[in-house]
Structure formats: structure tokens, C-alpha cells
Amino acid sequence: MIEILTPTELPAARVTGALVGHILQTLKGRATVGTNLLDIDRWTKEMILEAGATSCYVDYEPTSFGRGPFGHYICTAVNDAVLHGLPKNYALKDGDLLTLDLAVLKGGVAADAAISFVVGESQPAQSLALIEATRTALAAGIEVARAGNRIGDISHAIGSVLTGAGYPVNTEFGGHGIGSTMHQDPHIPNTGRAGRGYTLRPGLLLALEPWVMLDTAKLVTDADGWTLRSSTGCRTAHTEHTIAITDGEPEILTLAN
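Pasting the structure below:
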């Protein structure tokens, strides 16, 4: 299903997006050495409920992956974990690379975003380069996300940055449409051919999410059935925004106000 929002629905998307951005930045400020992932999940739950919103994750139980329901309010992935990180009893250490991925529903519209950052005083150059590559790739994808262009244009822009930085690209999981539900068509691989795929239209919401692993494109799944890690144990990073296609420049909805 591909949803196209009307101009009257877009303000609700802005509210949800701003909430997601605010929660993620608040959590980033709280995540220090010694912080437990379960505390991050608890803080997320408190902020979602206080805002009168609904988690897209806690009851999430897809048929294609995972061992559901997810049962938590945020994805917390550390170091070699990159996607669907199930919060667990783990205290963050100096130099850990933490990814927080959050999707929330409010006012009938969902928004989805992710941030990666290094915890503590140690800031390993290799980890910072991974994070920067995903940020740069996301900016490149957003730049071409304009009405009349195609999904392949976004995939090509993202993939060009990631491969240009020397990283392998996995296409099993990528960006997606979003609207009244978290995951919708179209699928947006993190590499692809320009000029191919669905034509972008004003009112379309997309969650673009470049993610990368240092030296492999292969994922392995934890025993929890959810957490996806690099097959080699290498570090990973993931950056995501929900955007709205407009008649002009794309609008990033998940920036913190």
C-alpha cells in the first residue's frame, strides 16, 4: 500500500515527526557511560505516553522477520548490532557506538527516525567515519527526493555515498513508505539504479535510512529473534529521517524543534 497524504494531513505528520526528533535528541543527551539500555526503553515509553502518542514497536509483530511482538518502545543497537536492536540489561561503556531507532504514531500519522553516536569520551575514528557516511548518504538521498524523480534516484544517491566511502551495502532492509502505519510501500534499497521505480508525488511520506557495516554486507540474527548484527562482528551505523515529498524541496519531518 502506498498512501498519499492530503495537505490537511501534513500538519499531523509534522507534529509526530517533531516528537520523534525530540525524543531521540533527549535520549542522546541522557545516554552516558553506565546508562542501561532498559532505562532508555523506559524513558522512551514515558515520553511517548506523556505526549499522548502510541509506540509503533511495542506490539509490532511482522510475519517476514522478528520473533514478536517486539515488546519494547525503541530499538537500541550497540556496536556490531545495527537493526531491530531489542533493549536488554546492558550498561553502556565508554566508546560504545549506540544506535537508537524510534517510530511513533500520533494524530493518525507515524514517523520514524534513527541516530547513531559514540558514548563517552572515547571517540574512535573508524566509528565516527561510519556514522558520518550514513549522515552524508541520507543528505544525498533527501536532496533528490523530489516530485517527478523516482525511488531509484534516492537509492542511487544513497548507495553512491556508501560505496564511495568503501562500505559494502546490504539491500535486505532499507527505507520505506510511511503514513497511517509504520511500514508501507515503496521499499527503498540503499543502493540502486537511477531513473527506476515508483515516481515520487507530493504528499508521499518516506522514511529514508542508510545503514552500513564496516566490512561486510551480511547480517546475522541474535537468539532474541530480533537484533540484527554484522556477521563479522564489525561496527555498524544507521541514520534515518522521515520526509515529506512536496511541490518543491523535500521537508524533513523528524528534526528536533
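In full-length UniProt numbering, the protein residues as written are 1 to 257. Glycine included, every Cβ here is placed at the ideal spot set by N, Cα and C.
Checklist line | Alpha-carbon spacing of threonine 99 relative to threonine 6, whole angstroms | finding: Indexing the sequence shown from 1 puts residue 99 at position 99. Indexing the sequence shown from 1 puts residue 6 at position 6. Between threonine 99 and threonine 6, the C-alpha separation is close to 32 Å.
Notebook entry, point to check: Which of the three DSSP states, helix, strand or coil, is assigned to aspartate 153?
Noted result: Taking the first residue of the sequence shown as 1, we reach residue 153 at position 153. Reduced to three states, the DSSP call for aspartate 153 is helix.
Notebook entry, point to check: Which residues in the same chain as threonine 181 place their Cβ atom closer than 7 Å to its Cβ, once the five residues preceding and following it in sequence are excluded?
Noted result: Looking up residue 181 in the sequence shown gives position 181. Result list for threonine 181: Ala110, in chain order.
Margin query: Can you look up glutamate 251 in the DSSP assignment and give me helix, strand or coil?
Written below: On the sequence shown, residue 251 is found 251 positions in, with the first residue counted as 1. Three-state DSSP puts glutamate 251 in a strand.
Checklist line | Residues that glycine 177 bridges to, as DSSP identifies them | finding: Start at 1 with the first residue of the sequence shown, and residue 177 comes out as number 177. According to DSSP, glycine 177 bridges with Gln184, Leu206.
Checklist line | Beta-ladder partner(s) of methionine 1, from DSSP | finding: Your numbering for residue 1 matches position 1 in the sequence shown. Looking at the DSSP assignment, methionine 1 forms no beta bridge with any residue, so it has no partner.
Next item on the list: Verify whether the separation of the beta carbon atoms of valine 212 and alanine 194 is less than 9 Å.
Entry: By one-based count along the sequence shown, residue 212 stands at place 212. By one-based count along the sequence shown, residue 194 stands at place 194. The answer is no: Cβ separation not under 9 Å.
Notebook entry, point to check: So, is alanine 140 buried or exposed, given that buried needs 16 or more other C-beta atoms within 10 angstroms?
Noted result: If you number the sequence shown from 1, residue 140 lands on position 140. By the 10 Å Cβ count, alanine 140 comes out buried.
Item checked: Local Cβ density within 10 Å of methionine 1, reported as buried at 16 or more and exposed below that -> Locating residue 1 in the sequence shown gives position 1, counting from the first residue. Burial check for methionine 1: the Cβ neighbour count within 10 Å stays below 16, so the residue is exposed.
Checklist line | Simplified DSSP assignment, three categories, for alanine 139 | finding: The residue you call residue 139 lines up with position 139 of the sequence shown. In the structure shown, alanine 139 sits in a helix (DSSP, three-state: H, G or I).
Next item on the list: Could you check if proline 210 is buried or exposed, using at least 16 other CB atoms within 10 Å of its CB as the buried criterion?
Entry: Within the sequence shown, the letter at position 210 stands for residue 210. It counts as buried.
Margin query: Since proline 216 and threonine 232 should fall inside the 8 Å C-beta cutoff, what is the C-beta to C-beta distance between them, to a whole number of angstroms?
Written below: Here residue 216 corresponds to residue number 216 of the sequence shown, with the count starting at 1. Here residue 232 corresponds to residue number 232 of the sequence shown, with the count starting at 1. Note that residue 216 is threonine in the sequence shown, not proline. With a Cβ gap of about 5 Å, threonine 216 and threonine 232 count as contacting.
Next item on the list: Provide the residue span of the beta strand (DSSP E) that contains histidine 238, from first to last.
Entry: The sequence position of residue 238 within the sequence shown is 238, counting from 1. DSSP places histidine 238 in the uninterrupted beta strand (DSSP E) bounded by 236-238.
Check: Thinking just about the alpha-carbon of each residue, which of Ala18, Pro11, Arg150, Leu24 is nearest to the one in threonine 239?
Finding: Mapped onto the sequence shown, residue 239 falls at position 239. Threonine 239 has its Cα closest to that of Leu24, out of Ala18, Pro11, Arg150, Leu24.
Note to self: Which residue wins for smallest C-alpha separation from alanine 13, given the options Ala114, Gly71, Leu105?
What the structure shows: For the purposes of this step, residue 13 is identified with residue 13 of the sequence shown, where counting begins at 1. Of the listed residues, the one whose Cα sits closest to alanine 13 is Leu105.
Item checked: CB-CB length for leucine 86 against aspartate 185, believed under 8 Å -> In the sequence shown, counting from the first residue as 1, residue 86 sits at position 86. In the sequence shown, counting from the first residue as 1, residue 185 sits at position 185. About 26 Å separates the two Cβ atoms, so there is no contact after all.
Notebook entry, point to check: Hey, is the segment 125-140 in contact with the segment 155-169, meaning 3+ C-beta pairs nearer than 8 Å?
Noted result: yes
Next item on the list: Just mark isoleucine 188 as buried or exposed, buried being the case when its beta carbon has 16 or more other beta carbons within 10 Å.
Entry: The residue labelled residue 188 in the question sits at position 188 within the sequence shown. With 16 or more Cβ atoms within 10 Å of its Cβ, isoleucine 188 is classed as buried.
Note to self: If the criterion is Cβ atoms closer than 9 Å, does the pair threonine 227 and alanine 114 meet it?
What the structure shows: The residue given as residue 227 occupies position 227 in the sequence shown. The residue given as residue 114 occupies position 114 in the sequence shown. Contact annotation: threonine 227 and alanine 114 have beta-carbon atoms that are not nearer than 9 Å.
Margin query: If I measure Cβ to Cβ from isoleucine 40 and keep anything under 8 Å in the same chain, skipping five residues before and after, which residues do I get?
Written below: Sequence index remark: in the sequence shown, residue 40 carries index 40 (1-based). Excluding residues up to 5 positions away in sequence, Leu27, Arg30, Ala31, Ile74, Thr76, Pro87, Leu100 lie with their Cβ nearer than 8 Å to the Cβ of isoleucine 40 in the same chain.
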